[in-house]
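Data block below; observations after.
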Amino acid sequence: MRPHRLLFLSLLLAAAAQAVPYRNPALGVSFELPAGWKVRPDSQGGIRVLPPLAEDRERSGVAVRLWRERLQGREPMARLADGYRKPQGNREAAGKAELQRKTGRLVLEYREGEYVLNGLWILRSHLRVVQQDGRSALYADCAANASEFHRYRKAFAALCLGASVARGKGA
Numbered sequence: 422m423r424p425h426r427l428l429f430l431s432l433l434l435a436a437a438a439q440a441v442p443y444r445n446p447a448l449g450v451s452f453e454l455p456a457g458w459k460v461r462p463d464s465q466g467g468i469r470v471l472p473p474l475a476e477d478r479e480r481s482g483v484a485v486r487l488w489r490e491r492l493q494g495r496e497p498m499a500r501l502a503d504g505y506r507k508p509q510g511n512r513e514a515a516g517k518a519e520l521q522r523k524t525g526r527l528v529l530e531y532r533e534g535e536y537v538l539n540g541l542w543i544l545r546s547h548l549r550v551v552q553q554d555g556r557s558a559l560y561a562d563c564a565a566n567a568s569e570f571h572r573y574r575k576a577f578a579a580l581c582l583g584a585s586v587a588r589g590k591g592a
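Under my numbering, the first residue of the sequence shown is numbered 422, with each subsequent residue one higher.
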């Protein structure tokens, strides 16, 4: 193969491996969709983002979900952050609960245990970002089995940390 054709093919493959901008006007969210990942409607409202391989969902337990919820009461983001700083049920206290008051953004990192079908106890790591938008909030939750979470950190950063709201959608 000629060198210029090889260069063209490598550039084409590199471009295909890049993330693409994604916008969902109904949910009022945008983010960079990693190459190969797919967006699907979620049965509970919002959207699910699926990794390229079924093995990622099955073996690694990768689950990404974005949705909106109404906020209640005074200082709802501070109360939410305080709630995650304490363990509750099968959830450990958050290793990170960072509230950015100026932007109305809460970044959480925590682990939660659950029993799977065969009775095995699995510990799952979560990166959850809550972005206030008027009287509602956009929730972005990226989770995987704790032992596999590190493999998806870059994609989770693009999906959950990179999610931004369309102003006024939930007001």
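From the three backbone atoms N, C-alpha and C, an ideal C-beta is built for every residue, glycine too.
Open item on the list: If you reduce the DSSP assignment to three classes, tell me which class Val460 lands in.
Closed with: strand
Task: Three-state class that DSSP yields for Glu479 in the structure shown - done: helix
Task: Euclidean distance between Cα positions of Leu501 and Arg495 - done: One C-alpha to the other measures close to 11 Å.
Open item on the list: Using beta carbons (cut-off 9 Å, strictly below), is Ala515 in contact with chain B?
Closed with: Considering every chain present, this structure includes no chain B. It has just one protein chain.
Open item on the list: Between Ser481, Gln509, Leu471 and Leu544, which has its C-alpha nearest Arg572's C-alpha?
Closed with: Ser481
Task: Nearest-angstrom Cα separation, counted from Ala456 out to Leu427 - done: Residue placement at Leu427 is flagged as unreliable, the pLDDT there being 43, under the threshold of 50; a coordinate-derived value is accordingly withheld.
Task: Cβ separation of Val470 and Trp458, assumed to be a contact under 8 Å, to the nearest whole Å - done: 6 Å
- [ ] Answer with buried or exposed for Gln552, where buried requires no fewer than 16 other C-beta atoms within 10 angstroms of its C-beta.
- [x] buried
Task: Paired residues, beta bridge with Gln553 - DSSP - done: Bridge partners of Gln553: Ala558.
Open item on the list: Rounded to whole angstroms, what is the Cα-Cα separation between Val586 and Ile468?
Closed with: 14 Å
TODO: Please go through the same chain and pick out, in chain order, the residues whose beta-carbon is closer than 6 Å to the beta-carbon of Glu533, but skip the five residues on each side of it.
DONE: Asn511, Arg512 and Arg545
Open item on the list: Just to confirm the assignment, what range does the beta strand (DSSP E) spanning Leu501 have?
Closed with: Counted as a single uninterrupted DSSP element, the stretch harbouring Leu501 is not any beta strand (DSSP E) but the alpha helix (DSSP H) occupying residues Pro497 to Tyr505.
TODO: Could you please give me the residues that DSSP links to Phe452 through a beta bridge?
DONE: Tyr443, per the DSSP bridge assignment.
Task: Residue closest to Leu454, alpha-carbon to alpha-carbon, out of Pro473, Leu448 and Ala558 - done: Pro473
Open item on the list: Quick check: the Cα distance between Leu559 and Asp503, rounded to an integer number of angstroms?
Closed with: Their backbone Cα atoms lie some 18 Å apart in a straight line.
Task: DSSP-derived helix/strand/coil call for Lys575 - done: Three-state result, Lys575: helix.
Open item on the list: For a minimum of 3 consecutive residues, which ranges assigned as the beta strand (DSSP E) are wholly contained in the region 500–539?
Closed with: The qualifying runs are 517–521 and 526–536.
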